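The following block contains the structure:
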């Protein structure tokens, strides 16, 4: 019987589905293990061979953990709200739900074909109302919460109201907006409901505030920073500009310190951890106020180098700063407005990245230096961002390179602060430079100057010590249709929550998926969509990251209609033990998920400070592009001739991408090439050795490069087990590696060798119950040990190589012993589940799946060598190998040599003068 992968794989995929083999229950005495994949957005293109890499790795680990006796939760779902489906809806008029459903069905079919051990009974889809009702519910909890800095956790807003009613703002330590009021309990009670709600909005963890956002006119929506690349939208490549809008935000900054501390407690890749540290960006310094008397206002700046304050010669504001309009004089108005308009067309990332261009505009106004009282000019420049710090900086040209270039460009004063001649060393605490131009700190060390200056600023009420974070509050709104409706209505212009028993707030039907003619988001098109028939709903929807910021909890208890997950389920599964996904989610998704996890912990819904204990970023599988070479005529125009790779240098050619699916081992299928495009029908080929050899290059896998390989095609030809093994075989999981179908044949041959171990020469299933030899036990226990060690350290590629060596050894030994082959199947099962299930059943294990067998125990005694093949040399030249027991001493070895006919033949009667014997290494006979 031959190995027929199609019938075997279909049989076992059907078996797993019908028997719900991988359905998980909390009712077990087994230890738990939670393995999670970053769930996909289901696109219409489906999966290519690069997508399943992480899924295959997590599935191998999940199957291995089951064999090791763990109760494994390994779920899958879909992040199914998002821009692509909506863009398609705008183009075609088809509801995004229809497109999404079709795409999910395609993904599910492909995932099933690869043989993943997912518990499909726990599938979630973020766009389903029974899921997003809980996303809306979490939003409501955030809206109804504040962050108590004294307790270092979030608390219900009711506790803050109680404090206001009893003591006013006295003793309140809260994360809040900067413009909060100070009041007594009596004054609080005297405020109208509207004024109370306005004030509470400054404390809520979900709040409305005017913010500078990335606005994409073509898409009609706000985009997150990670959705903007080089000043254009990631989706579609449309221009993005800076714009001030009233937006929902999440006060993630309240959790900045906890998010930073938590990084020390989790097992994540160090580059990813460092990216999060940089994104959070903790800085210790001081807040300093520069008075603006004509406005009766202060410009507040944050600085990590308050000791350089005497070198301040001007102040720079972000063009979006709220005081710019009031500070701009009539004579400077045209210049300032033109500069603001120019800046609005650049993204924040572009502004941060451009360190060479110097630009700005003078407002015409002056601020007072807080310590000297001197006038300093107030400028605007795009290198200062409104959302970072206070949106203003004190410029010290003698202590900062960018300030220096700005001052030189606009001929502004440069005030020395140190006797150092190198501005990069100015008042550097690690250098020997001494402060000058200030009687107050002259002669002080850096360590003395900083606290003295802060104390002086505090005494003047113009500064204080402060810790600042680079991270900003997260914008939480998109002006789109295909997203979660925000469960909010407006009364007297203020937001109020709908009632919890009214969840989910469903997406209304609209006639088009475009903004209204008056510029409102698409939800503004919904007819008669009002709360209690009178109040306007929020017309923005939640961003794409909303549903993915808590989804691992829903997998724990996906059918629960009373809670997002029961206390029993979250207490059992706790946190994700292993999370595998792409490094592109290093900041956005992972920071927001950690934030929501900590918030839900604060409110007592679970007990884990971090959601993902261990995280692995799988590398990208790159495409291996193929090229044909079109011959050009004398005028440089393309002809209908194509020359093979080895001959192309003899012609003037233009390389063209060719579909890798019509190339095999870099040899072009000429007939399929002719059929691939009408203009290729009459193509002529200049061959080498009767073949057309294509060129190759490693590039990103994409349709435009014709190098996309569909896993369905690989599975059809070679099988899912081959695909699984081959993807692991390509290289270390975390590294990028090129896809090369040329090498897959070797993996397929390996599986056929495994099959033949269980069958005789005529293809008949034949397994012996005889006791295995020591050599057979040795081969088995080497692979048991190797695979266990490799999987535990996620070195899957080395396991595949070890399997090949083991099967070759067993083939050479003509092994067909049950005791060897049964354990070999269990060890191989995580990698190749279909063939192992089939052979497991053939061995007589009809009762259940191999998935729940016990991983065989490694016994080190089988690897202890009792014999060694000694290299025997005569006068230093190696002549033969002689297997001998390792316990023989020199005298016993000499006796064997004297009696061995092969050794005596090599000596040819010559007397032996000396025998050099090193146990376990060599024998050298001197004649």
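Numbering (UniProt numbering), first residue to last: 1 to 927. Glycine included, every Cβ here is placed at the ideal spot set by N, Cα and C. This structure is a prediction, so every number in the text was calculated from the model and none was measured.
Chain B within 8 Å of residue 855, Cβ atoms only: Absence of chain B from the displayed structure is noted, only one protein chain being present.
Any alpha helix (DSSP H) of 4 or more consecutive residues that is wholly inside the segment 314-380: 324-327, 333-344 and 348-353
Residue 695 versus residue 647: straight-line alpha-carbon distance, rounded: 11 Å
Sub-8 Å separation of residue 490 and residue 389 beta-carbons: no
Counted within 10 angstroms of its Cβ, other Cβ atoms place residue 427 as buried (16 or more) or exposed: Only weak support exists for where residue 427 lies, its pLDDT of 48 falling under 50; the value from the coordinates is given anyway. Residue 427 comes out buried.
Every unbroken beta strand (DSSP E) within the segment 123-201, with a cutoff of 3 residues, ordered by chain: 145-148 and 153-156
Opening and closing residue of the beta strand (DSSP E) in which residue 638 lies: 638-643
Which of helix, strand or coil DSSP assigns to residue 833: helix
Within the segment 663-731, ranges of the beta strand (DSSP E) (whole runs, at least 3 residues): 684-686 and 695-699
Selected residue, minimal CA-CA separation from residue 644, among 484, 922 and 658: 658
Every unbroken beta strand (DSSP E) within the segment 555-614, with a cutoff of 3 residues, ordered by chain: 576-581
Three-state class that DSSP yields for residue 46 in the structure shown: coil
Three CB pairs or more closer than 8 Å across the segment 648-667 and the segment 717-728: no
Within 8 Å, strictly: CB atoms of residue 205 and residue 729: no
8 Å Cβ cutoff met for residue 379 and residue 367: no
Residues bridged to residue 542 (per DSSP): Residue 542 is not bridged to any residue.
Within 8 Å, strictly: CB atoms of residue 110 and residue 191: no
Start-to-end residues for the beta strand (DSSP E) that takes in residue 525: That residue, residue 525, is in no beta strand (DSSP E); it is neither H nor E in DSSP.
Residue 657, enclosing beta strand (DSSP E) - first and last residue: 653-658
Residue from 781, 748 and 799 with nearest C-alpha to residue 732: 799
Cut-off 6 Å between Cβ atoms - residues of its own chain near residue 825, not counting five sequence neighbours on either side: 836, 839 and 840
Close-in-space but distant-in-sequence residues of the same chain around residue 359 (CB under 7 Å, 5 per side omitted): 381 and 382
Reduced DSSP category for residue 979 - H, G, I as helix; E, B as strand; rest coil: Given that the chain is displayed from residue 1 to residue 927, the structure contains no residue 979 and the question cannot be resolved.
Beta-carbon proximity list for residue 147, same chain, < 7 Å, skipping 5 on both sides: 154, 174, 175, 205, 251 and 254
DSSP three-state assignment for residue 479, whether helix, strand or coil: coil
Proximity to residue 803 [Cα-Cα], best of 793, 783, 790 and 821: 783
Classification of residue 81 by the beta-carbon crowding that lies within 10 angstroms, buried from 16 upward: buried
Residues near residue 423 by beta carbon distance below 6 Å, same chain, minus five either side: Reliability of the predicted coordinates at residue 423 is poor, the pLDDT of 45 falling under 50, and the value obtained from them is presented with this limitation in mind. Cβ within range, chain order: 398 and 404.
Segments assigned beta strand (DSSP E), at least 3 residues, entirely inside the segment 458-519: 463-469, 488-491 and 494-497
Whole-angstrom distance between residue 706 and residue 849, CA atom to CA atom: 40 Å
Bounding residues of the beta strand (DSSP E) (the contiguous stretch that carries residue 869): 867-874
Of the listed residues 910, 911 and 922, nearest to residue 893 (C-alpha basis): 922
Exposure of residue 189, with buried meaning 16 or more beta-carbon neighbours within 10 Å: exposed
Spatial distance of residue 421 from residue 289 (CA atoms): Low per-residue confidence applies at residue 421: pLDDT is 44, beneath 50, and the placement is therefore not dependable enough to give any value.
Distance, residue 67 Cα to residue 628 Cα: 49 Å
Cut-off 6 Å between Cβ atoms - residues of its own chain near residue 430, not counting five sequence neighbours on either side: The predicted model places residue 430 with a pLDDT of 48, which falls under 50 and marks its position as unreliable; any figure quoted below should be read in that light. Same-chain partners within the cutoff: there are none.
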